[in-house]
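Residue numbers (my numbering): 72 to 424. Glycine residues also receive a C-beta, built at the ideal position from the N, C-alpha and C atoms. Nothing here was measured: the structure is a model prediction, and the numbers come from that model. Report on the following structure.
Laid out in structure tokens, this is it:
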């Protein structure tokens, strides 16, 4: 281990929204964060400057970005915005709330649901496929339960449902059918994560984690799992595997790995979080592993390229870059290390005036 850091010490960029962050995402040039009040803000990665900010009441639940367009699930709406200036190109409203969104080159998939207070259940749950260019609905398929995960697969999608009729299902583009993924357990899905090589992992409310391969067949299963994800080298990670790699309980890692909750990876680093307040975790990159901590709960994250974006319940969102972190750690271990260039970048980007 290479020591302990506050996450703000090693983050390239730290920005704050007025409400808890509900969704973050980034590409090679920009990063975006949406909050509980419906504010969506875009910043430039190169200089850290704010590009634009837009209010999309009532709240933002999910964001996707692809080339020149941004898809946002906000309240009952799916909104398509121009990446350059935040102009709303089109917006479609649904019965209930839009929950999750993913897109491909031609179409957009979005899930929606209605929470019925009197019975304490979600009703009217659906998955919709729309044309990306104009928001025209191609198909709307009723779901037996609320979708808690949504992953794109080519032009199709894979969804994970909760109670009362849980499980993992595939939906083909323009097909209109909901098909159970062969061999997967009928357990309530909590979340999913996709690897860079076509595998998808699921975590269930029953603490069972499982993985399907690119052909859609069950590949791995593990019990007593509190988290699931992928290391930056492609290894499948669950609670037990994290303990094997990073140590048992307090000791070498100085964090309670048994409480690992989230795993997010970029091309060359892996971030593991716990659900303690302050949140603690491990950052694994190159030949180094460091401990980190930060006040507030991690509420959203994204790994892309050599960058991670992380959002917190405190309203903060941070950008983590492998090169910056490596230089920061190296300079702390070797005081004579010349890190003037990286320090200049951090002074420019770290906090917004």
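Please classify residue i: does DSSP put it in a helix, a strand, or coil?
i: residue 81; result: helix
i: residue 280; result: strand
i: residue 130; result: coil
i: residue 252; result: coil
i: residue 314; result: helix
i: residue 116; result: coil
i: residue 154; result: coil
i: residue 444; result: Outside the displayed span of the chain (72 to 424) sits residue 444, for which this structure offers no information.
i: residue 121; result: strand
i: residue 302; result: coil
i: residue 402; result: helix
i: residue 293; result: strand
i: residue 345; result: strand
i: residue 368; result: coil
i: residue 93; result: strand
When the Cα atoms are used, what is the spatial distance from residue i to residue j?
i: residue 162; j: residue 203; result: 11 Å
i: residue 216; j: residue 282; result: 21 Å
i: residue 344; j: residue 83; result: 19 Å
i: residue 81; j: residue 376; result: 18 Å
i: residue 218; j: residue 372; result: 19 Å
i: residue 400; j: residue 379; result: 17 Å
i: residue 105; j: residue 333; result: 19 Å
i: residue 135; j: residue 318; result: 35 Å
i: residue 145; j: residue 108; result: 10 Å
i: residue 193; j: residue 168; result: 11 Å
i: residue 86; j: residue 182; result: 29 Å
i: residue 298; j: residue 138; result: 31 Å
i: residue 133; j: residue 143; result: 6 Å
i: residue 89; j: residue 301; result: 32 Å
i: residue 187; j: residue 342; result: 37 Å
i: residue 340; j: residue 284; result: 23 Å
i: residue 263; j: residue 374; result: 14 Å
i: residue 280; j: residue 244; result: 27 Å
i: residue 157; j: residue 196; result: 29 Å
i: residue 213; j: residue 198; result: 7 Å
i: residue 116; j: residue 235; result: 43 Å
i: residue 128; j: residue 206; result: 19 Å
i: residue 112; j: residue 98; result: 14 Å
i: residue 324; j: residue 348; result: With a pLDDT of 49 at residue 324, under the threshold of 50, the predicted position of this residue should be treated as unreliable, though the coordinate-derived value follows. Residue 324 and residue 348: Cα-Cα distance of roughly 17 Å.
i: residue 77; j: residue 248; result: 48 Å
i: residue 131; j: residue 397; result: 33 Å
i: residue 293; j: residue 367; result: 29 Å
i: residue 100; j: residue 114; result: 9 Å
i: residue 201; j: residue 353; result: 39 Å
i: residue 257; j: residue 126; result: 39 Å
i: residue 386; j: residue 246; result: 40 Å
Tell whether a beta-carbon distance below 8 Å holds between residue i and residue j.
i: residue 289; j: residue 255; result: yes
i: residue 310; j: residue 295; result: yes
i: residue 230; j: residue 220; result: yes
i: residue 152; j: residue 140; result: yes
i: residue 122; j: residue 110; result: no
i: residue 351; j: residue 364; result: yes
i: residue 178; j: residue 102; result: no
i: residue 331; j: residue 313; result: yes
i: residue 170; j: residue 154; result: no
i: residue 159; j: residue 388; result: no
Is residue i close to the ligand FAD? I mean its beta-carbon at under 7 Å from any heavy atom of the ligand.
i: residue 339; result: Ligands displayed in this structure: none; no statement on the ligand FAD is therefore possible.
Leaving out the 5 sequence neighbours to the left and right, which residues in its chain are closer than 8 Å to residue i when beta-carbon positions are compared?
i: residue 370; result: 91, 92, 93, 382, 383 and 384
i: residue 346; result: 330, 332 and 368
Less than 7 Å between C-beta atoms, sequence neighbours within five positions excluded: which residues of the same chain meet that for residue i?
i: residue 260; result: 219, 220, 231, 232, 233, 237, 239, 273 and 275
i: residue 241; result: 227, 229, 250, 252 and 287
i: residue 338; result: 303, 376 and 377
i: residue 147; result: 164, 165, 167, 168 and 169
i: residue 211; result: 197 and 199
Looking only at its chain, what residues have a beta carbon closer than 6 Å to the beta carbon of residue i, apart from the 5 residues adjacent to it on each side?
i: residue 75; result: 362
i: residue 172; result: 133, 135, 142, 144 and 181
i: residue 223; result: 173 and 175
i: residue 278; result: 295 and 296
i: residue 79; result: 85
**Asked** Hey, is the stretch 305-316 in contact with the stretch 258-272, meaning 3+ C-beta pairs nearer than 8 Å?
**Response** yes
- Message: Closer than 8 Å is the cut-off here; do at least three beta carbon pairs connect the stretch 390-397 with the stretch 342-360?
- Response: yes
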